[in-house]
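Residue numbers (the UniProt record's numbering): 1 to 324.
Built from N, CA and C at the ideal position, the CB exists for glycine as well.
Quick notes on the structure that follows.
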């Protein structure tokens with residue numbers, strides 16, 4: 001079958017012909033109907049010291065939805081033909097669960113078929129398409145976790161979302177669903193119109209440009225260092241800054257402001273399977289609508305280059321099963 005494999009930064013993402021996967025106990029094989037492209041893959045491709053993946057070579061792609069085509073021994077909770085999505089374990093930094101994540105711990109969805117652990121499967125509601133379900137696993141669920149679980153954003157919250165890419169635009173929608181007053185921040189003003197359509201009341205190039213606005217929470221999806229520092233300066237006393245973006249490894253903060261104003265700086269990564277189910281429910285009932293763009297399977301490397309350069313609005317996805 002056709003696939004894209006990563007071995008090292010020098011080789012990059014390479015097309016490879018691989019045998020179809022065979023499931024063992026506790027596993028199924030799915031025909032991949034949609035695989036989302038994620039910025040995490042750009043980080044993997046660009047840094048040999050970035051230890052997110054558990055093995056090399058590996059087929060990347062961790063936003064994966066499809067239909068079950070083969071069951072492993074003793075798998076009885078699922079049937080051939082069911083529409084499923086491969087969830088990512090809830091706490092990827094806490095232990096081995098992360099390494100059962102598709103496209104991270106084992107071969108992923110940049111291939112015609114993929115093996116998935118049953119423990120990570122979630123059924124797709126009939127109202128949700130394969131592309132919507134695929135990007136829900138990381139992009140939307142990660143944004144949901146940052147907004148609801150780590151940001152603790154509710155109806156009385158005033159929120160700034162920094163970085164209006166795929167995750168940021170999802171966060172605007174989710175914060176608006178929570179009833180918050182949401183402001184969008186990005187250096188690219190062409191993204192402002194969509195952000196307003198999704199629920200932002202105002203947009204600007206910096207979080208410091210909203211005169212007279214006191215933020216309860218700032219969500220930093222850009223992660224370029226200066227954005228987190230600016231968020232710490234902008235959030236109100238006893239406010240919360242949630243860092244999600246990982247563009248740079250180090251940043252400089254004013255610790256006097258952080259401490260004297262009792263500000264919480266919170267990291268956020270991934271989401272639980274229950275959070276993924278809630279995101280799928282919100283999509284199914286029409287309250288959450290991911291912004292999607294399909295690309296041919298052969299263009300996955302080009303798509304990741306676009307993503308790395310910030311030239312994507314919403315989320316890219318591909319259908320590997322159409323590559324035959």
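Three-state secondary structure assigned by DSSP to residue i
{"i": "residue 341", "result": "This structure cannot settle anything about residue 341, because the visible part of the chain is limited to 1 through 324."}
{"i": "residue 33", "result": "strand"}
{"i": "residue 53", "result": "coil"}
{"i": "residue 95", "result": "At residue 95 the pLDDT is 47, less than 50, meaning the model places this residue with poor confidence and gives no usable figure here."}
{"i": "residue 271", "result": "coil"}
{"i": "residue 227", "result": "helix"}
{"i": "residue 126", "result": "coil"}
{"i": "residue 114", "result": "strand"}
{"i": "residue 25", "result": "coil"}
{"i": "residue 152", "result": "coil"}
{"i": "residue 142", "result": "helix"}
{"i": "residue 284", "result": "helix"}
{"i": "residue 58", "result": "strand"}
{"i": "residue 279", "result": "helix"}
{"i": "residue 264", "result": "strand"}
{"i": "residue 252", "result": "coil"}
{"i": "residue 102", "result": "strand"}
{"i": "residue 313", "result": "coil"}
{"i": "residue 211", "result": "coil"}
Range covered by the beta strand (DSSP E) that runs through residue i
{"i": "residue 11", "result": "Unbroken run through residue 11: none, as it is neither H nor E."}
{"i": "residue 216", "result": "215-220"}
{"i": "residue 86", "result": "83-86"}
{"i": "residue 322", "result": "Element bounds for residue 322: n/a, residue is neither H nor E."}
{"i": "residue 302", "result": "Segment 300-308 is the alpha helix (DSSP H) holding residue 302; no beta strand (DSSP E) there."}
{"i": "residue 67", "result": "63-71"}
{"i": "residue 3", "result": "2-6"}
{"i": "residue 158", "result": "158-162"}
{"i": "residue 181", "result": "181-185"}
Host alpha helix (DSSP H) of residue i (start-end)
{"i": "residue 146", "result": "Segment: none, residue 146 is in no alpha helix (DSSP H) and carries neither H nor E."}
{"i": "residue 334", "result": "Here the chain comprises residues numbered 1 to 324, so residue 334 is not present and cannot be evaluated."}
{"i": "residue 176", "result": "166-177"}
{"i": "residue 196", "result": "192-198"}
{"i": "residue 135", "result": "130-135"}
Spatially closest choice to residue i from the options, by CA coordinates
{"i": "residue 162", "options": "135, 242, 184 and 238", "result": "184"}
{"i": "residue 126", "options": "108, 138, 111 and 85", "result": "85"}
{"i": "residue 267", "options": "285, 156, 242 and 273", "result": "242"}
{"i": "residue 300", "options": "1, 9, 7 and 14", "result": "14"}
{"i": "residue 116", "options": "57, 29, 297 and 234", "result": "29"}
Rounded Cβ spacing between residue i and residue j (contact assumed at less than 8 angstroms)
{"i": "residue 35", "j": "residue 317", "result": "6 angstroms"}
{"i": "residue 113", "j": "residue 256", "result": "About 55 angstroms; that fails the 8 angstroms criterion."}
{"i": "residue 122", "j": "residue 273", "result": "6 angstroms"}
Cβ of residue i within 8 angstroms of any chain B Cβ
{"i": "residue 162", "result": "The question asks about chain B, but that chain is absent: this structure has only one protein chain."}
At least 3 beta-carbon pairs within less than 8 angstroms: the stretch 125-144 vs the stretch 188-201: no
At least three beta-carbon pairs within less than 8 angstroms, the stretch 19-36 to the stretch 68-75: yes
Touch test, the stretch 128-139 against the stretch 289-300, Cβ-Cβ under 8 angstroms, three pairs minimum: yes
Given 8 angstroms, three or more beta-carbon pairs between the stretch 245-260 and the stretch 209-226: yes
Sufficient close CB pairs (3 or more, under 8 angstroms) joining the stretch 96-115 to the stretch 28-47: yes
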